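K.L.:
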Amino acid sequence: MSKCVCVIAEYRGGNFRRVTHEVASEGRRIADALGVPLQAVAVGSGVAEKAAELGRYGVEKVFVADDPALEGYIAETHTPIVADLVQKCDPAVVIMPASVDGKDLGARLSARLLAGLVQDSTEIVVENGKIKAKKPIYAGKCYCWNEWADGEMPLISCRPNVMGCLAPDESKSAQVDKVEVTLPEARSSVKSLELDTSGRVGLSGAETIVSGGRGLKEAGNFSLLEDLAQVLDAAVGASRAAVDSGWRPHADQVGQTGKVVNPNLYIAVGISGAIQHLAGMGSSKYIVAVNKDADAPIFTKADYGIVEDLFQFMPVFVEELKKYKSSCS
Amino acid sequence: MNIVVILKQTPDTESVIRIAGDGKSVVTDGFKWVINPYDEFAVEAALKIKEKHGGKVTILSYGPQRVVEAVRTALAMGADDAVFIDEEHLESCGRIKVAQAVAAAIKEMSPDLVFCGSRAVDMDMAQRGPMVAEFLGWPHLALATSIECDGKTVSIQRSLEGGKVTQESTLPVLVTFGGSHAVWNPRYASLPGIMKAKKKPLQNKKLADLGLDAAEFTPEKAKVRVVSLELPPERKPGKIIDGGLDTEGKARELVRLLHEEAKVI
Ligand SMILES: Cc1cc2nc3c(=O)[nH]c(=O)nc-3n(C[C@H](O)[C@H](O)[C@H](O)COP(=O)(O)OP(=O)(O)OC[C@H]3O[C@@H](n4cnc5c(N)ncnc54)[C@H](O)[C@@H]3O)c2cc1C
Ligand SMILES: Nc1ncnc2c1ncn2[C@@H]1O[C@H](COP(=O)(O)O)[C@@H](O)[C@H]1O
Chain B
1 MSKCVCVIAE YRGGNFRRVT HEVASEGRRI ADALGVPLQA VAVGSGVAEK AAELGRYGVE
61 KVFVADDPAL EGYIAETHTP IVADLVQKCD PAVVIMPASV DGKDLGARLS ARLLAGLVQD
121 STEIVVENGK IKAKKPIYAG KCYCWNEWAD GEMPLISCRP NVMGCLAPDE SKSAQVDKVE
181 VTLPEARSSV KSLELDTSGR VGLSGAETIV SGGRGLKEAG NFSLLEDLAQ VLDAAVGASR
241 AAVDSGWRPH ADQVGQTGKV VNPNLYIAVG ISGAIQHLAG MGSSKYIVAV NKDADAPIFT
301 KADYGIVEDL FQFMPVFVEE LKKYKSSCS
Chain S
330 MNIVVILKQT PDTESVIRIA GDGKSVVTDG FKWVINPYDE FAVEAALKIK EKHGGKVTIL
390 SYGPQRVVEA VRTALAMGAD DAVFIDEEHL ESCGRIKVAQ AVAAAIKEMS PDLVFCGSRA
450 VDMDMAQRGP MVAEFLGWPH LALATSIECD GKTVSIQRSL EGGKVTQEST LPVLVTFGGS
510 HAVWNPRYAS LPGIMKAKKK PLQNKKLADL GLDAAEFTPE KAKVRVVSLE LPPERKPGKI
570 IDGGLDTEGK ARELVRLLHE EAKVI
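Chains as they are written, first to last, in this note's numbering: chain B, 1 to 329; chain S, 330 to 594.
What follows is the structure, given as structure tokens:
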């Protein structure tokens, strides 16, 4: 049988995560370029019932391991199970999400399968039947194209929100092959998994981000950004200076030692634009900067710059946006 | 409690990246080399646990000789001793080979805990820790933003997209560190610390000393190869919205541009 492209699905809280659909779509494209089938592996509690859905994104067959003990991801348990399913697929190429758990699993799989891994790829091409994958290095200050030695199986994790997603074809479903699960003996376990059900947009997947820096002066002033975020349905981020000052939780830090984000719109308020900050948000589609210092480096990257005191500008901007929004509805 | 911290020396995050003549590597002239920030977090966490439970903290590193400076800095922070795999070209043999060599070095030390950064801020691989754990046959807990250790078990918290997880493991276990400076607040090397660090033991090891066959460690073994590097497209300098407008005028103009030109609202 000809080898396939294998997609590792990510399933959490009863659903496949959006990045799974992106990776399946990318897998479909690669499989077509190579002229081979697209298969998937899916591991989780209750995943068997949902697995056929992956057909909507072009997956032909899914190997499934379904067990209540697989509810939360833990490397020690998931790695051998996923590795077995991947081997059942007998793939030419394996692609998977470069999500928090995905990158962790990818690394461990790389060692277990002795497969060369490229993490966090933003672009995959097929040239003369060979795979090349691009990934950011130095937090996006540079990009690196990689290839595999002859006869090696590429293992690639794909950065979320970059590769695009096929429109789901509701008429299609994947064949599901449920595999007997043998749980490995494990010393590590998940103690608790708290998913945020508030519906607030997280930084990583946000289309719009409003970030604040030292210019905000104190924690309470972030309400100016919360107001804006509310109107734009945006997530709120922060510079390291704001996080170090204790104004925002560390998970909100954008930059080289924080999150790397790529929204459609990034609004930097009271942020100077240090190289470490720019590394984390420089690939945003549009950047707006609000800063009272006309010489702030952030203006060299901003599509639209506002040289004003943020305390004066932000409330007015929010009002104007509200007016615009209500004129739309 | 014996803790090994795997530590990488990386260019300072201020560094400007230029592509070298070969098109496959970056120009390193003028780089200031520092401890990888996430590894500093790992050292800090290790020192805290040592302060509570006793034992020692050993730094494990490898690569060219310049790396020894980063190792000495970690010793100055308070680590006790170091093992340096003195194989300049180890990294070029591929990630799998490197992880196998690191695992071999760790096996010899049989520590209770191995700590490392969640990723190195130069190549952003985010893979070494879990790979080493797999070759050790150990569990690992990744991307810790907090850690508790009672001497028998370790538990960490990690952030997920839209969530939080607590994971636990018995010893021995490998832990990778995420979070940020605000979370770990790594200590600086004090002046007495720097003086003492000069006399702390640093063992050099060759691959053969780790029971490995050096002939197996060549660049040809690398499964993944760099084809080329490229810089991201330059952003065009944008426009400052001014035109003699007052605050309200600027706000209105910005809304208009975001809607009509950028089409993002
Ligand atoms: C190892 C390392 C890792 C790092 N990682 C990161 C990282 O991941 N993310 C990150 O962000 N930084 C990071 N940094 C820190 C970075 O170098 C900068 O120190 C930081 O980004 C500065 O934050 P800031 O722009 O908020 O503060 P500042 O640089 O102090 O800038 C504040 C800005 O606000 C403006 N301002 C002040 N008051 C007003 C007002 N009333 N109205 C309008 N504008 C005003 C000022 O003109 C100024 O430009 C890192 C540094 C190191 C050494
Ligand atoms: N060359 C190296 N020397 C020592 N430790 C390293 C090296 N490369 C990676 N590491 C360790 O592995 C972690 C993750 O790095 P990486 O997987 O390369 O992004 C780092 O934070 C270090 O702890």
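Virtual Cβ for every residue (Gly too), placed ideally from N, Cα, C. These numbers were taken from a predicted model, which means no experiment stands behind them.
Inspect the CB distances between the segment 231-251 of chain B and the segment 528-538 of chain S and report whether three or more fall short of 8 Å.
P.N.:
No, the segment 231-251 of chain B is not in contact with the segment 528-538 of chain S.
K.L.:
Just checking my contact of residue 445 of chain S with residue 371 of chain S at CB under 8 Å: how many whole Å lie between their CB atoms?
P.N.:
Correct: roughly 6 Å between the Cβ atoms.
K.L.:
Should residue 200 of chain B be labelled buried (16 or more other beta-carbon atoms within 10 Å of its own) or exposed?
P.N.:
Exposed, by the Cβ-count rule.
K.L.:
Can you give the beta carbon distance from residue 336 of chain S to residue 390 of chain S, rounded, assuming they're within the 8 Å contact cut?
P.N.:
About 5 Å separates the two Cβ atoms, so the contact holds.
K.L.:
Between the alpha carbons of residue 152 of chain B and residue 487 of chain S, how many angstroms are there, rounded?
P.N.:
When rounded, the distance between both Cα atoms is 33 Å.
K.L.:
Out of S/423, S/402, S/374, S/460, state which residue places its alpha-carbon closest to the alpha-carbon of residue 442 of chain S.
P.N.:
Measuring from the Cα of residue 442 of chain S, the nearest candidate turns out to be S/374.
K.L.:
Measuring alpha carbon to alpha carbon, tell me which of S/434, S/551, S/510, S/331 ends up nearest residue 540 of chain S.
P.N.:
The option with the nearest alpha carbon to residue 540 of chain S is S/434.
K.L.:
Any residues whose CB sits closer than 5 Å to a heavy atom of ligand 1? List them in chain order?
P.N.:
Taking each Cβ in turn, the ones that pass are B/213, B/214, B/215, B/239, B/240, B/241, B/255, B/256, B/257, B/258, B/270, B/271, B/272, B/274, B/276, B/277, B/291, B/292, B/293, B/296, B/309, B/310, S/342, S/366.
K.L.:
Does any residue of chain B bring its CB to less than 8 Å from the CB of residue 510 of chain S?
P.N.:
Chain B contact via Cβ: present.
K.L.:
Go ahead and pull the three-state DSSP assignment for residue 358 of chain S.
P.N.:
Of the three classes helix, strand and coil, the one that applies to residue 358 of chain S here is coil, per DSSP.
K.L.:
Under DSSP, the beta strand (DSSP E) around residue 266 of chain B begins and ends at which residues?
P.N.:
Counting along the chain, the beta strand (DSSP E) containing residue 266 of chain B begins and ends at 265-269.
K.L.:
Tell me which residues of the segment 30-49 of chain B have at least one Cβ-Cβ distance to chain S shorter than 8 Å, keeping chain order.
P.N.:
From the segment 30-49 of chain B, no residue has a Cβ closer than 8 Å to chain S.
K.L.:
Note the first and the last residue of the continuous beta strand (DSSP E) segment covering residue 391 of chain S.
P.N.:
Residue 391 of chain S -> beta strand (DSSP E) spans 385-391.
K.L.:
So, does the CB of residue 99 of chain B fall closer than 8 Å to a CB anywhere in chain S?
P.N.:
Yes, its Cβ sits closer than 8 Å to a Cβ of chain S.
K.L.:
Helix, strand or coil: how does DSSP classify residue 330 of chain S here?
P.N.:
Looking at residue 330 of chain S - three-state DSSP - the assignment turns out to be coil, as it is neither helix nor strand.
K.L.:
Select from the segment 450-474 of chain S all residues with a C-beta closer than 9 Å to any C-beta belonging to chain B, and list them in chain order.
P.N.:
Taking 9 Å as the Cβ-Cβ cut-off against chain B, the residues of the segment 450-474 of chain S that qualify are 450, 451, 452, 453, 454, 455, 456, 457, 458, 459, 460, 461, 462, 463, 464, 467, 468, 469, 470, 471, 472, 474.
K.L.:
So, residue 30 of chain B versus residue 86 of chain B, is the Cβ gap smaller than 8 Å?
P.N.:
No.
K.L.:
Who pairs with residue 7 of chain B in a beta bridge, going by DSSP?
P.N.:
Answer by DSSP bridge pairing, in chain order: B/40, B/95.
K.L.:
Relative to the C-alpha of residue 147 of chain B, which candidate in B/133, B/160, B/220 has its C-alpha closest?
P.N.:
Cα-wise, what sits closest to residue 147 of chain B is B/133.
K.L.:
Should residue 543 of chain S go down as buried or exposed, given a rule of 16 or more other Cβ atoms within 10 Å for buried?
P.N.:
Exposed, since its Cβ has fewer than 16 Cβ neighbours within 10 Å.
K.L.:
Taking only beta carbons into account, state which residues of the segment 222-255 of chain B come closer than 8 Å to chain S, listed in chain order.
P.N.:
Result list: 232, 240, 243, 244, 246, 250, 251, 253.
K.L.:
Could you check whether the segment 266-278 of chain B touches the segment 286-298 of chain B, counting it as contact only if at least three pairs of C-beta atoms, one from each stretch, sit closer than 8 Å?
P.N.:
The segment 266-278 of chain B is in contact with the segment 286-298 of chain B.
K.L.:
Sort S/491, S/414, S/513 by Cα distance to residue 394 of chain S and report the nearest one.
P.N.:
Among S/491, S/414, S/513, the Cα nearest to that of residue 394 of chain S belongs to S/414.
K.L.:
Residues bridged to residue 470 of chain S by DSSP?
P.N.:
Answer is S/504.
K.L.:
At a Cβ cut of 7 Å, what residues of the segment 487-501 of chain S count as close to chain B, listed as they run along the chain?
P.N.:
For the segment 487-501 of chain S, which is checked against every Cβ of chain B, the residues closer than 7 Å are 488, 489, 490, 491, 492, 493, 494, 495, 496, 497, 498, 499.
K.L.:
For residue 119 of chain B, would you say it is in contact with chain S, using Cβ-to-Cβ distances shorter than 8 Å as the test?
P.N.:
Chain S, which has a Cβ nearer than 8 Å to the Cβ of residue 119 of chain B, makes this yes.
K.L.:
Answer with yes or no whether the minimum CB distance from residue 70 of chain B to chain S is below 8 Å.
P.N.:
No, residue 70 of chain B does not count as interfacial toward chain S.
K.L.:
Taking only beta-carbon atoms, is residue 557 of chain S less than 8 Å away from chain B?
P.N.:
True, the Cβ-Cβ gap to chain B drops below 8 Å.
K.L.:
At a cut of 8 Å, does the segment 334-349 of chain S reach the segment 551-563 of chain S through at least three beta carbon pairs?
P.N.:
Yes, they touch.
K.L.:
Is residue 446 of chain S close to ligand 2? I mean its beta-carbon at under 7 Å from any heavy atom of the ligand.
P.N.:
True, at least one ligand heavy atom lies under 7 Å from that Cβ.
K.L.:
Identify, in the order they occur along the chain, each residue of the same chain with its Cβ nearer than 7 Å to the Cβ of residue 501 of chain S, setting aside the five sequence neighbours on each side.
P.N.:
If we look at residue 501 of chain S and ignore the five residues flanking it on each side, its Cβ neighbours are 440, 441, 442, 467.
K.L.:
Taking residue 304 of chain B as the reference, give the member of S/417, S/575, S/565 with the closest Cα.
P.N.:
Here the closest residue by C-alpha is S/565.
K.L.:
Would you list, in sequence order, the uninterrupted beta strand (DSSP E) runs of no fewer than 3 residues that lie entirely inside the segment 481-546 of chain S?
P.N.:
The segment 481-546 of chain S contains these whole beta strand (DSSP E) runs: 482-489, 492-499, 502-506, 531-534.
K.L.:
Under 7 Å Cβ-Cβ, which residues of chain S neighbour residue 147 of chain B?
P.N.:
Here the neighbours are 554, 556.
K.L.:
Skipping 5 residues on each side, what residues in its chain have a beta carbon closer than 8 Å to that of residue 570 of chain S?
P.N.:
So the qualifying residues of the chain are 579, 582, 583, 586.
K.L.:
Beta carbons nearer than 9 Å to chain S: which residues of the segment 87-113 of chain B have them?
P.N.:
Correct list: 98, 99, 100, 101, 103, 104, 105, 106, 107, 108, 109, 110, 111, 112.
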